[in-house]
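Everything below concerns the one structure shown next.
Number of protein chains: 2
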Amino acid sequence: MSSLQGNLLVAQSGGPTPVINASLAGVIAEALNHEDDIPEIYGALNGIHGVLNENLIDLAAESQQTLRALHHTPGAALGTCRYKVKKAEDFDRILQVFEAHNIRYFHYIGGNDSQDTAAKIDALAKERGYELRVIGVPKTIDNDLPLTDHSPGFGSVAKHIALTVREMSLDNAAMGQNDFVSVLEVMGRNAGWLAASSVLAHRRDKSDDKQVRNTHYSCSAPHIVLLPEVPFNADNFIRRVEEVLKSSGHCFVVVSEGVQDEAGNYLGADTSSTDAFGHAVLGGAGESLRNLVEERFSGVKARASKLGIAQRAASHSASKTDVDEAFLCGSEAVKAAVAGESGKMVIITRSEKENYGVNTLLAPLSEIANGVKAFPDKWIGEDRMSIHPDFVRYALPLIQGELQLPYEQGLPRYAQLSAIRVQRRLEKFVSA
Amino acid sequence: MSSLQGNLLVAQSGGPTPVINASLAGVIAEALNHEDDIPEIYGALNGIHGVLNENLIDLAAESQQTLRALHHTPGAALGTCRYKVKKAEDFDRILQVFEAHNIRYFHYIGGNDSQDTAAKIDALAKERGYELRVIGVPKTIDNDLPLTDHSPGFGSVAKHIALTVREMSLDNAAMGQNDFVSVLEVMGRNAGWLAASSVLAHRRDKSDDKQVRNTHYSCSAPHIVLLPEVPFNADNFIRRVEEVLKSSGHCFVVVSEGVQDEAGNYLGADTSSTDAFGHAVLGGAGESLRNLVEERFSGVKARASKLGIAQRAASHSASKTDVDEAFLCGSEAVKAAVAGESGKMVIITRSEKENYGVNTLLAPLSEIANGVKAFPDKWIGEDRMSIHPDFVRYALPLIQGELQLPYEQGLPRYAQLSAIRVQRRLEKFVSA
Chain V
6 MSSLQGNLLV AQSGGPTPVI NASLAGVIAE ALNHEDDIPE IYGALNGIHG VLNENLIDLA
66 AESQQTLRAL HHTPGAALGT CRYKVKKAED FDRILQVFEA HNIRYFHYIG GNDSQDTAAK
126 IDALAKERGY ELRVIGVPKT IDNDLPLTDH SPGFGSVAKH IALTVREMSL DNAAMGQNDF
186 VSVLEVMGRN AGWLAASSVL AHRRDKSDDK QVRNTHYSCS APHIVLLPEV PFNADNFIRR
246 VEEVLKSSGH CFVVVSEGVQ DEAGNYLGAD TSSTDAFGHA VLGGAGESLR NLVEERFSGV
306 KARASKLGIA QRAASHSASK TDVDEAFLCG SEAVKAAVAG ESGKMVIITR SEKENYGVNT
366 LLAPLSEIAN GVKAFPDKWI GEDRMSIHPD FVRYALPLIQ GELQLPYEQG LPRYAQLSAI
426 RVQRRLEKFV SA
Chain F
6 MSSLQGNLLV AQSGGPTPVI NASLAGVIAE ALNHEDDIPE IYGALNGIHG VLNENLIDLA
66 AESQQTLRAL HHTPGAALGT CRYKVKKAED FDRILQVFEA HNIRYFHYIG GNDSQDTAAK
126 IDALAKERGY ELRVIGVPKT IDNDLPLTDH SPGFGSVAKH IALTVREMSL DNAAMGQNDF
186 VSVLEVMGRN AGWLAASSVL AHRRDKSDDK QVRNTHYSCS APHIVLLPEV PFNADNFIRR
246 VEEVLKSSGH CFVVVSEGVQ DEAGNYLGAD TSSTDAFGHA VLGGAGESLR NLVEERFSGV
306 KARASKLGIA QRAASHSASK TDVDEAFLCG SEAVKAAVAG ESGKMVIITR SEKENYGVNT
366 LLAPLSEIAN GVKAFPDKWI GEDRMSIHPD FVRYALPLIQ GELQLPYEQG LPRYAQLSAI
426 RVQRRLEKFV SA
């Protein structure tokens with residue numbers, strides 16, 4: 006493969022994850038190993054917006070300290086956007102900016118919408134004969150990207166949700182109420198991976214093992230898991246709540262924000278507002294179920310919590326496995342590009358060995374771009390409100406390990422980029 | 006003071022906190038030091054309910070491992086209740102149970118309602134000539150107990166809220182949206198201490214200090230804090246949101262669940278939005294503000310999160326200072342009782358020294374019982390939506406230090422009591 010000399014540009018896109026900055030760190034760290042091929046390492050501010058507006062920063066100028074702190078910093082250090090590039094003039098502009106700064110390596114850290122953009126940039130460059138290598142880095146807490154075994158970001162949010170369920174269930178149990186329903190609404194617009202991950206909180210007291218018995222905590226929460234893959238039926242749900250209340254005294258429900266009833270309406274959705282992609286804004290699945298429970302059962306108290314943005318920003322409880330894999334995907338993307346690959350995204354495969362381990366491969370961007378990997382039907386329990394143990398075997402390795410965050414004045418210390426601007430070389434861009 | 010030989014009974018009451026079990030550990034650990042005075046250490050299951058129903062367990066039989074794990078276990082290991090003892094026959098029964106089990110030391114870990122119960126038990130025992138020593142242990146995340154400088158439980162939830170705000174604000178900033186409002190609803194029905202603690206997330210970038218600059222993160226969130234002590238005025242709020250959006254691009258609002266409008270209605274008690282079932286969604290203060298913002302500003306997007314029970318169960322992010330003080334209050338309660346005190350609660354005083362430190366004193370239960378310490382007016386900013394820096398000086402020491410939790414399979418390992426029952430000596434109690 007012929008070597009290609011030119012600068013690298015990395016950008017972040019879509020909703021932040023607890024580990025999207027670890028992927029950024031991986032890209033930078035690997036790029037630094039290829040000084041001959043890659044003289045400059047740039048970042049675009051706020052995703053493709055930063056490319057269009059020529060808002061580029063010099064990432065090689067950041068300190069090692071900052072680079073290291075990116076591993077545990079939530080948000081997205083470069084900023085992200087939700088802008089979906091459609092217009093031909095936008096794509097023209099992107100290539101102009103690339104040419105002006107001799108960008109030959111482009112890495113977009115994002116989900117399927119972002120990889121769609123990356124695919125189109127790659128295709129256009131090929132068409133125009135502009136030598137460019139585009140390798141995407143997977144990112145989504147929703148775990149719904151196709152082809153990859155799992156997506157960086159999922160493991161950390163899954164861990165945070167399972168942790169939250171376990172903590173809340175201890176609180177619920179302590180209250181000693183016989184008729185209490187706790188509802189936790191979690192993210193997941195189209196796929197139930199995150200809601201399902203709440204079952205990682207389950208734990209059986211190993212009461213046959215006398216030696217460890219005392220420190221082993223038994224957790225049956227969550228009792229009910231509602232996935233967007235399963236149309237919601239109020240009567241079935243209420244019947245199940247009743248059963249759990251009878252047997253356990255209290256009932257813990259985890260509901261995905263994306264759950265719809267049989268008519269296709271989101272539970273508690275405020276249909277009057279939509280986001281930039283025209284998706285309905287979801288807000289009320291949890292509160293909606295709380296209302297339903299209190300209406301159907303007299304004397305039953307229900308409370309809803311909604312982690313919202315807190316769950317995808319919870320770097321303080323990130324999975325070390327996830328952080329390491331996010332970093333790996335970033336560095337593998339650069340390695341692949343330097344080796345001559347383009348138009349592909351790094352995917353994670355699980356090693357066949359007894360102990361959990363991963364390898365990476367490349368998959369065509371075009372196959373990532375518009376697919377959504379739903380939660381597999383075979384992992385949905387017979388009652389359609391529980392999760393098969395095979396999912397636990399799949400997901401448990403992904404939440405292993407904890408970070409040791411540096412604390413300062415009682416709170417974690419995060420990275421903030423110096424963000425030294427790269428001088429603009431083009432006129433201001435005004436999109437029609 | 007004459008020594009008193011007899012058994013000790015400890016119980017937990019009200020809403021759990023991240024450190025109520027650390028107080029329990031403090032009681033048990035100190036009681037073990039007084040073998041001559043205190044032959045048996047019992048716990049009542051689910052607070053005063055456990056006393057009434059003679060549901061007692063043998064705490065001295067628990068392993069050292071369990072005792073240690075109580076320091077970081079959320080919920081309430083003995084279980085709690087919200088039952089307020091009022092009937093004379095209930096109090097009679099309590100003394101009968103105490104006599105039957107030779108209980109001479111009683112420690113109730115709880116808030117003002119619980120200390121009211123403790124005060125009445127103490128008074129009745131004195132009246133009947135039953136020698137009993139009652140020393141309360143303070144507990145409330147709301148920090149609204151009178152006389153004590155602060156209450157065990159507050160520091161940990163304050164830390165979790167500040168941590169959550171800082172993490173979420175990084176996510177908000179990353180999205181690069183110019184018109185985004187993030188709303189976080191926190192607990193605190195009567196007092197704004199928890200909402201106020203969100204300002205501990207504030208951080209200025211020390212950009213004059215070149216050496217540390219890169220790893221210092223600047224955080225201006227929250228921009229608006231709404232306390233239950235301040236009647237909510239929609240116009241003033243909207244005006245302030247507008248100002249913040251103009252200057253900062255996005256606006257972070259923290260609202261206490263207990264905020265009421267000028268007519269005394271809780272926010273979110275009268276929303277017109279309906280869910281998939283056609284029912285009004287009573288989403289609470291946070292959702293109500295989200296709706297208000299989106300109604301008043303066209304093109305502004307708002308999102309609400311509601312931590313709910315998760316915030317008071319978040320032992321994984323507990324403040325070590327808080328855990329240590331909760332333990333101290335438990336052990337000091339036993340010391341005071343053994344020394345002959347009764348009818349009092351342990352309170353925390355702040356040492357006058359330059360560095361933060363605490364001492365404990367005793368205050369009469371009767372003065373704790375029915376007071377509520379509102380958030381001080383002098384610490385509410387002039388605009389009534391911000392917090393004075395003096396509060397930060399007060400609260401910052403309370404969130405210092407982190408626990409090293411033992412993890413197992415990716416999640417914290419919590420204590421579960423063996424809960425070996427003490428044999429009943431009385432007939433079953435049926436309250437009229």
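Residue numbers (my numbering), protein chains in the order written: chain V, 6 to 437; chain F, 6 to 437. All residues carry an ideal CB built from backbone N, CA and C; glycine is no exception.
Is it buried or exposed for ALA344 of chain V, if we count other Cβ within 10 angstroms and need 16 for buried?
On the first sequence, position 339 is the one that residue 344 of chain V refers to. It counts as exposed.
Within the 7 angstroms Cβ cut-off, does LYS164 of chain V reach chain F?
Stepping through the first sequence from its first residue, residue 164 of chain V is reached at position 159. Yes, LYS164 of chain V counts as interfacial toward chain F.
Which residues of the region 395-427 of chain F have a Cβ closer than 8 angstroms to any Cβ of chain V? Give them in chain order.
LEU401, ILE404, GLN405, GLY406, GLU407, TYR412, GLN414, GLY415, LEU416, PRO417, ARG418, TYR419, ALA420, GLN421, LEU422 and SER423
If I follow the unbroken alpha helix (DSSP H) through TYR399 of chain V, where does it start and stop?
Numbered from 1 along the first sequence, position 394 holds the residue referred to as residue 399 of chain V. Run containing TYR399 of chain V: 394-400, per the alpha helix (DSSP H) assignment.
Apart from the five residues on each side of it in sequence, which residues of its chain come closer than 7 angstroms, Cβ to Cβ, to GLY376 of chain F?
The sequence position of residue 376 of chain F within the second sequence is 371, counting from 1. Cβ within range, chain order: ASN117 and PRO151.
Counterpart residues of PHE111 of chain F in DSSP-defined beta bridges:
Walking along the second sequence from the start, residue 111 of chain F turns up at place 106. PHE111 of chain F pairs with F:LEU14 and F:VAL139.
CB contact flag (ALA200 of chain F, VAL191 of chain F, <7 angstroms)
Translated into positions along the second sequence, residue 200 of chain F becomes position 195. Translated into positions along the second sequence, residue 191 of chain F becomes position 186. In contact: ALA200 of chain F and VAL191 of chain F (Cβ atoms closer than 7 angstroms).
Check for me: the beta strand (DSSP E) holding THR365 of chain F runs from which residue to which?
Walking along the second sequence from the start, residue 365 of chain F turns up at place 360. Element bounds for THR365 of chain F: 363-369.
Starting from SER310 of chain V and walking both ways along the beta strand (DSSP E), at which residues does that stretch end?
One-based indexing of the first sequence puts residue 310 of chain V at position 305. SER310 of chain V -> beta strand (DSSP E) spans 306-311.
Compare the Cα-Cα distances from ARG317 of chain V to each of V:PRO21, V:SER7, V:ALA16 and V:VAL15 and report the closest residue.
The residue labelled residue 317 of chain V in the question sits at position 312 within the first sequence. Ranking the options by Cα distance to ARG317 of chain V, first place goes to V:PRO21.
Euclidean distance between Cα positions of ASP240 of chain V and VAL298 of chain V:
As a position in the first sequence, residue 240 of chain V is number 235, starting the count at 1. As a position in the first sequence, residue 298 of chain V is number 293, starting the count at 1. Approximately 11 angstroms between the Cα atoms of the pair.
Rounded Cβ spacing between SER223 of chain V and ALA167 of chain V (contact assumed at less than 8 angstroms)
Residue mapping note: residue 223 of chain V aligns to position 218 of the first sequence, counting from 1. Residue mapping note: residue 167 of chain V aligns to position 162 of the first sequence, counting from 1. Wrong, their Cβ atoms sit about 15 angstroms apart, outside the cutoff.
Using a Cβ-Cβ cut-off of less than 9 angstroms, list which residues of the region 76-90 of chain F approach chain V; keep chain order.
THR78, PRO79, GLY80, ALA81, ALA82, LEU83, GLY84, THR85, CYS86 and ARG87
Where the beta strand (DSSP E) containing GLY48 of chain F begins and where it ends
The residue labelled residue 48 of chain F in the question sits at position 43 within the second sequence. Note, GLY48 of chain F: beta strand (DSSP E), 46-49.
Checking contacts by CB at 7 angstroms: is MET192 of chain F closer than that to chain V?
Here residue 192 of chain F corresponds to residue number 187 of the second sequence, with the count starting at 1. Between MET192 of chain F and chain V, the shortest Cβ-Cβ separation is not below 7 angstroms.
For the 8 angstroms Cβ check, are there 3 or more pairs between the region 430-437 of chain F and the region 83-94 of chain F?
yes
Hey, PHE159 of chain V and TRP198 of chain V are a contact pair by Cβ (cut 8 angstroms); roughly how many whole angstroms apart?
As a working mapping, residue 159 of chain V is identified with position 154 in the first sequence. As a working mapping, residue 198 of chain V is identified with position 193 in the first sequence. Their Cβ separation, rounded to whole angstroms, is 6 angstroms, which keeps PHE159 of chain V and TRP198 of chain V in contact under 8 angstroms.
Buried or exposed for LYS251 of chain F, please, with buried defined as at least 16 other CB atoms from any protein chain shown within 10 angstroms of its CB.
Here the question's residue 251 of chain F lines up with position 246 in the second sequence. Its Cβ having fewer than 16 others within 10 Å, LYS251 of chain F is exposed.
Taking 6 angstroms as the limit between beta carbons, can you name the residues of its chain near ALA81 of chain V, skipping five residues before and five after?
Counting from 1 along the first sequence, the entry for residue 81 of chain V is found at position 76. Answer for ALA81 of chain V: GLN17, PRO21 and ILE25, listed in chain order.
Could you pull out every residue in the same chain whose Cβ sits closer than 6 angstroms to the Cβ of ASP266 of chain V, ignoring the five residues on either side in sequence?
For this step, residue 266 of chain V is matched to residue 261 along the first sequence. Contacts found: PHE237.
Out of V:VAL142, V:VAL56 and V:VAL339, which has the shortest C-alpha to C-alpha gap to ALA374 of chain V?
Locating residue 374 of chain V in the first sequence gives position 369, where the first residue counts as 1. Checking every option, the nearest Cα to that of ALA374 of chain V belongs to V:VAL142.
Using beta-carbon positions only, say whether GLU136 of chain F and LEU9 of chain F come within less than 7 angstroms of one another.
In the second sequence, the residue the question calls residue 136 of chain F occupies position 131. In the second sequence, the residue the question calls residue 9 of chain F occupies position 4. A contact, by the Cβ cut-off of 7 angstroms.
Where does the unbroken beta strand (DSSP E) through THR354 of chain F begin, and where does it stop?
In the second sequence, residue 354 of chain F corresponds to position 349, counting from 1. Run containing THR354 of chain F: 349-355, per the beta strand (DSSP E) assignment.
Who are the neighbours of ILE99 of chain F on chain V, taking C-beta pairs under 8 angstroms?
Indexing the second sequence from 1 puts residue 99 of chain F at position 94. None at all; the shortest Cβ gap to chain V is about 18 angstroms.
Three-state secondary structure (DSSP) at HIS221 of chain F?
Residue numbering aside, residue 221 of chain F sits at position 216 when the second sequence is read from its first letter. Here HIS221 of chain F scores only 48 on pLDDT, less than 50, and its place in the model is too uncertain to base an answer on.
Contacting residues, own chain, Cβ-Cβ under 6 angstroms from VAL32 of chain V (five flanking each side not counted):
Here residue 32 of chain V corresponds to residue number 27 of the first sequence, with the count starting at 1. Excluding residues within five positions, the ones whose Cβ falls inside 6 angstroms are VAL15, HIS112, GLY335 and VAL339.
For GLU407 of chain F and ASP412 of chain V, believed in contact at Cβ under 8 angstroms, the rounded distance:
By 1-based counting over the first sequence, the position of residue 412 of chain V is 407. By 1-based counting over the second sequence, the position of residue 407 of chain F is 402. Residue identity differs from the one stated: residue 412 of chain V is Tyr in this sequence, not Asp. So it is a contact: roughly 6 angstroms between Cβ atoms.
Is SER261 of chain V near ALA226 of chain V, with beta carbons less than 7 angstroms apart?
If you number the first sequence from 1, residue 261 of chain V lands on position 256. If you number the first sequence from 1, residue 226 of chain V lands on position 221. For SER261 of chain V and ALA226 of chain V, no; Cβs fall outside 7 angstroms.
Expressed to the nearest angstrom, what Euclidean distance is found between the alpha-carbon atoms of HIS106 of chain V and GLU330 of chain F?
As a working mapping, residue 106 of chain V is identified with position 101 in the first sequence. As a working mapping, residue 330 of chain F is identified with position 325 in the second sequence. Near 58 angstroms, if we compare the C-alpha coordinates of GLU330 of chain F and HIS106 of chain V.
Which residue comes first and which comes last in the alpha helix (DSSP H) that contains HIS54 of chain F?
Within the second sequence, the letter at position 49 stands for residue 54 of chain F. From DSSP, the alpha helix (DSSP H) with HIS54 of chain F extends over 53-57.
Name the chain F residues that come within less than 7 angstroms of ASP176 of chain V, Cβ to Cβ?
Against the first sequence, residue 176 of chain V aligns to sequence position 171. Those within 7 angstroms of ASP176 of chain V in chain F are PRO21, PRO79, GLY80, ILE314, ARG317 and ALA318.
What's the call for SER356 of chain F, buried or exposed, on a 16-neighbour Cβ count within 10 Å?
Here residue 356 of chain F refers to the residue found at position 351 when the second sequence is read from its first residue. By the neighbour-count rule (16 or more Cβ atoms within 10 Å), SER356 of chain F is not buried but exposed.
By DSSP, does THR326 of chain V sit in helix, in strand, or in coil?
Residue numbering aside, residue 326 of chain V sits at position 321 when the first sequence is read from its first letter. Reduced to three states, the DSSP call for THR326 of chain V is helix.
For LYS349 of chain F, tell me which candidate among F:LEU272, F:LYS306 and F:LEU367 has the shortest Cα-Cα distance.
Numbered from 1 along the second sequence, position 344 holds the residue referred to as residue 349 of chain F. Minimum Cα distance to LYS349 of chain F is reached at F:LEU367.
Distance cutoff 7 angstroms, beta carbons only. Does ALA323 of chain F sit that close to anything in chain V?
Taking the second sequence and counting its residues from 1, the one referred to as residue 323 of chain F is at position 318. No, its Cβ sits nowhere closer than 7 angstroms to a Cβ of chain V.
Would you mind working out which of V:THR145, V:ASP127, V:ASN58 and V:GLY55 sits nearest SER28 of chain V, comparing C-alpha positions?
Within the first sequence, residue 28 of chain V is the residue found at index 23, counting from 1. Taking only the C-alpha atoms, the option nearest SER28 of chain V is V:THR145.
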